[in-house]
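Under the UniProt record's numbering, the residue at position 447 of the sequence shown is numbered 447, and the numbers go up by one with no gaps. Structure, as structure tokens:
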Amino acid sequence: MIAFFSLMSKVLGLVRESVIAGLLGTSYLADAYQMSSKAPNMLFTIVSGALATVIVPVYTEYASRGEKSEAWKLFKTMTVVVILFFLIASIIGVIGAPLLVKLVAPGFSGETRALTVELSRIILPWMIFAALASLFTQLLNANNIFGLPTFSSSVNNIFIIIAALTLGKLYGVYGLTLGVMLAMAAMALVQFPALYKAGFRVSLKMDLRHPGLRKIYNLALPSVFSISVIQANVLVTSVLASWLPVGSVSSLGYADRLIQFSVGLLGMALATAVFPTISRLAAEGGMEAFAATLLGSLKVVIIGIIPASVGLITLSHPVVDLIYGWGAFDQKSVHMTAAALLFYSVGAVGQAAGFLLVRGFYSLQDTRAPLKISIVQVLINLGLSLLLIDSFRHAGLALATSLANLAYMALLMWYLGKKIPGLYRDGLLRFTLSVLAAAGLMAAASYTVNGALAGLLPGKTGVVLQLGLAVITGVAVFVAAIFALRVKEAQFFWQSARKALSKRISANGD
Numbered sequence: 001m002i003a004f005f006s007l008m009s010k011v012l013g014l015v016r017e018s019v020i021a022g023l024l025g026t027s028y029l030a031d032a033y034q035m036s037s038k039a040p041n042m043l044f045t046i047v048s049g050a051l052a053t054v055i056v057p058v059y060t061e062y063a064s065r066g067e068k069s070e071a072w073k074l075f076k077t078m079t080v081v082v083i084l085f086f087l088i089a090s091i092i093g094v095i096g097a098p099l100l101v102k103l104v105a106p107g108f109s110g111e112t113r114a115l116t117v118e119l120s121r122i123i124l125p126w127m128i129f130a131a132l133a134s135l136f137t138q139l140l141n142a143n144n145i146f147g148l149p150t151f152s153s154s155v156n157n158i159f160i161i162i163a164a165l166t167l168g169k170l171y172g173v174y175g176l177t178l179g180v181m182l183a184m185a186a187m188a189l190v191q192f193p194a195l196y197k198a199g200f201r202v203s204l205k206m207d208l209r210h211p212g213l214r215k216i217y218n219l220a221l222p223s224v225f226s227i228s229v230i231q232a233n234v235l236v237t238s239v240l241a242s243w244l245p246v247g248s249v250s251s252l253g254y255a256d257r258l259i260q261f262s263v264g265l266l267g268m269a270l271a272t273a274v275f276p277t278i279s280r281l282a283a284e285g286g287m288e289a290f291a292a293t294l295l296g297s298l299k300v301v302i303i304g305i306i307p308a309s310v311g312l313i314t315l316s317h318p319v320v321d322l323i324y325g326w327g328a329f330d331q332k333s334v335h336m337t338a339a340a341l342l343f344y345s346v347g348a349v350g351q352a353a354g355f356l357l358v359r360g361f362y363s364l365q366d367t368r369a370p371l372k373i374s375i376v377q378v379l380i381n382l383g384l385s386l387l388l389i390d391s392f393r394h395a396g397l398a399l400a401t402s403l404a405n406l407a408y409m410a411l412l413m414w415y416l417g418k419k420i421p422g423l424y425r426d427g428l429l430r431f432t433l434s435v436l437a438a439a440g441l442m443a444a445a446s447y448t449v450n451g452a453l454a455g456l457l458p459g460k461t462g463v464v465l466q467l468g469l470a471v472i473t474g475v476a477v478f479v480a481a482i483f484a485l486r487v488k489e490a491q492f493f494w495q496s497a498r499k500a501l502s503k504r505i506s507a508n509g510d
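Set out below in structure tokens:
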């Protein structure tokens, strides 16, 4: 059920972006809309992301000692503190919105800058509801309630879709921005009944001397630095994109959403799932099993993300046209976003593998090495962005991000290999080269079919047929090539899938 809700949220997220794209296109309205949420989103990600790493373990520690009431007392105080923090941040942001926009989008001017300031003032209180939704999710997870928090993301997406089709139609980008804030409030509210049932009670009383509060701050502080470095990458791209022609910011945003769909679906999901296992193995000293589990997971990322990335590189234009190409999203918007998607796809495997490898370091209780490597990644991204922006414009920023992600992956692998000798001895290089070769054949087949069918049928019907047959042909060629190259891991996956399917058929037959 959790996997279903997660997939549903991802699909609804694509629908949400498609609806917004049809409403705004890649106009200055879209640029202002996307940039207005940049600063609040970054602050929320840094603070709530850091808290998310410590809430579950701290709550579990109290609960395991039979002090659940004390745990709820602590997190009632934590909830009030979080609300007050983001309320104050919102007020400061509303007052200082012009300065805030100048910091994140110094290249904006005229009506684009003025609109970004106005939209920022509308969206800033979003942080309060987003922080509450995140806090509620972590507390529900600590009480072994996972389905509702996952479903709440779908509620958020559904509300934004409805807001775009109603408020967006009536009041334009202002209505859409207000709808985004209300959608996050709905995401928080839908989780509250389950949290209340678990024992949480609303109270304005605060115990700022609670020992657990200091513990949360101390544990979260290192994560604040790590997440801030990651957000610096986002800031680099945003600041530089703001100096480019209209549509650059929004086309990068639309392309990134498509990349995050594939990366999040496999890379982040796998990293989250395997983290408890490798943490336990590291704690028990089972380094051989730790290495085997981490390497096996890395191979899953490689065999999943590389063909998906190559597919997006080959079919970037029809993919963008199918998902976004309607309403205000004209062919110029399609071309701009397809260029960004092509270059973002180059580094998707680096981003996905990075999620997994970082958790390998965390399992070994090493947070310093990933932080140092993240700083190097930011510097590489900045340097390459400045180098490529003149020649390739917004696509150059996407390429710089991709190359920085690949460098990040390579440095993580190298450093982790030094900490665990023999980590990659089980044929990782041969496996990766085989996947790349199969993906290359897949790309050739997909490109040929896509070119042969281009323009045969008009409108969306033609795009669906063209893309569908190109994808089916490409997948068939990739699978055949993987087996022809005798990739043993693929044969193992196939045998496991057959066994699982046979068991399900037998169970249904009984």
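All C-beta atoms in this analysis are idealised placements derived from N, C-alpha and C, irrespective of residue type, glycine included.
Residue closest to residue i, alpha-carbon to alpha-carbon, out of the options
{"i": "residue 262", "options": "240, 310, 252 and 226", "result": "310"}
{"i": "residue 469", "options": "482, 347 and 442", "result": "442"}
{"i": "residue 58", "options": "458, 214 and 481", "result": "214"}
{"i": "residue 43", "options": "210, 146, 151 and 235", "result": "235"}
{"i": "residue 206", "options": "478, 75, 354 and 16", "result": "75"}
{"i": "residue 101", "options": "145, 34, 159 and 52", "result": "34"}
{"i": "residue 264", "options": "116, 238 and 348", "result": "348"}
{"i": "residue 191", "options": "174, 136 and 208", "result": "136"}
{"i": "residue 334", "options": "12, 6 and 18", "result": "18"}
{"i": "residue 413", "options": "299, 15, 27 and 344", "result": "299"}
{"i": "residue 197", "options": "36, 144 and 402", "result": "144"}
{"i": "residue 195", "options": "84, 133, 343 and 454", "result": "133"}
{"i": "residue 471", "options": "316, 32 and 29", "result": "316"}
{"i": "residue 430", "options": "406, 303 and 388", "result": "303"}
{"i": "residue 150", "options": "13, 179 and 126", "result": "13"}
{"i": "residue 11", "options": "278, 323, 480 and 408", "result": "323"}
{"i": "residue 7", "options": "436, 424, 260 and 52", "result": "260"}
{"i": "residue 421", "options": "175, 295 and 189", "result": "295"}
Sub-7 Å separation of residue i and residue j beta-carbons
{"i": "residue 385", "j": "residue 240", "result": "yes"}
{"i": "residue 218", "j": "residue 187", "result": "no"}
{"i": "residue 449", "j": "residue 432", "result": "no"}
{"i": "residue 220", "j": "residue 346", "result": "no"}
{"i": "residue 98", "j": "residue 117", "result": "yes"}
{"i": "residue 340", "j": "residue 271", "result": "no"}
{"i": "residue 22", "j": "residue 326", "result": "yes"}
{"i": "residue 238", "j": "residue 108", "result": "no"}
{"i": "residue 129", "j": "residue 78", "result": "no"}
{"i": "residue 92", "j": "residue 224", "result": "no"}
{"i": "residue 320", "j": "residue 297", "result": "no"}
{"i": "residue 314", "j": "residue 255", "result": "no"}
{"i": "residue 250", "j": "residue 30", "result": "yes"}
{"i": "residue 39", "j": "residue 112", "result": "no"}
{"i": "residue 381", "j": "residue 233", "result": "yes"}
Burial state of residue i, where buried means 16 or more other Cβ atoms lie within 10 Å
{"i": "residue 72", "result": "buried"}
{"i": "residue 202", "result": "exposed"}
{"i": "residue 370", "result": "buried"}
{"i": "residue 166", "result": "exposed"}
{"i": "residue 504", "result": "For residue 504, the predicted structure reports a pLDDT of 48, less than 50, and the residue's modelled location is therefore unreliable. The matter cannot be settled from this model."}
{"i": "residue 199", "result": "exposed"}
{"i": "residue 211", "result": "exposed"}
{"i": "residue 16", "result": "buried"}
{"i": "residue 523", "result": "This structure does not reach residue 523, given that the chain is present from 1 up to 510, and the question cannot be answered."}
{"i": "residue 377", "result": "buried"}
{"i": "residue 365", "result": "exposed"}
Straight-line Cα distance separating residue j from residue i
{"i": "residue 216", "j": "residue 139", "result": "14 Å"}
{"i": "residue 61", "j": "residue 359", "result": "21 Å"}
{"i": "residue 66", "j": "residue 41", "result": "37 Å"}
{"i": "residue 513", "j": "residue 106", "result": "No answer is possible for residue 513: it lies beyond the span of the chain, which begins at 1 and ends at 510."}
{"i": "residue 204", "j": "residue 87", "result": "14 Å"}
{"i": "residue 267", "j": "residue 301", "result": "6 Å"}
{"i": "residue 282", "j": "residue 291", "result": "9 Å"}
{"i": "residue 509", "j": "residue 410", "result": "Any reading at residue 509 must be qualified, since the residue scores a pLDDT of 49, below 50, and its modelled position is unreliable; no value is offered."}
{"i": "residue 48", "j": "residue 372", "result": "22 Å"}
{"i": "residue 342", "j": "residue 286", "result": "41 Å"}
{"i": "residue 258", "j": "residue 209", "result": "45 Å"}
{"i": "residue 514", "j": "residue 2", "result": "Nothing in the structure corresponds to residue 514, since the chain is present only between 1 and 510."}
{"i": "residue 83", "j": "residue 154", "result": "23 Å"}
{"i": "residue 90", "j": "residue 122", "result": "10 Å"}
{"i": "residue 395", "j": "residue 487", "result": "34 Å"}
{"i": "residue 480", "j": "residue 464", "result": "24 Å"}
{"i": "residue 485", "j": "residue 284", "result": "37 Å"}
| What are the complete alpha helix (DSSP H) segments, minimum 4 residues, inside the segment 41-111? | Correct list: 68-95 and 97-104.
| query | Fully enclosed by the segment 283-316, which alpha helix (DSSP H) runs are 4 residues long or longer? | reply | 287-314
| Complete runs of the alpha helix (DSSP H) confined to the segment 389-452 [at least 4 residues] | Assignment of alpha helix (DSSP H) within the segment 389-452, counting only whole runs of 4 or more residues, yields no such run.
| said: So within the segment 452-488, which uninterrupted alpha helix (DSSP H) runs reach at least 4 residues, ignoring any that extend past its ends? | reply: Listed in chain order, the alpha helix (DSSP H) runs fully inside the segment 452-488 are 459-484, counting runs of at least 4 residues.
| field | Every unbroken alpha helix (DSSP H) inside the segment 118-151 [4 residues or more] | value | 126-142
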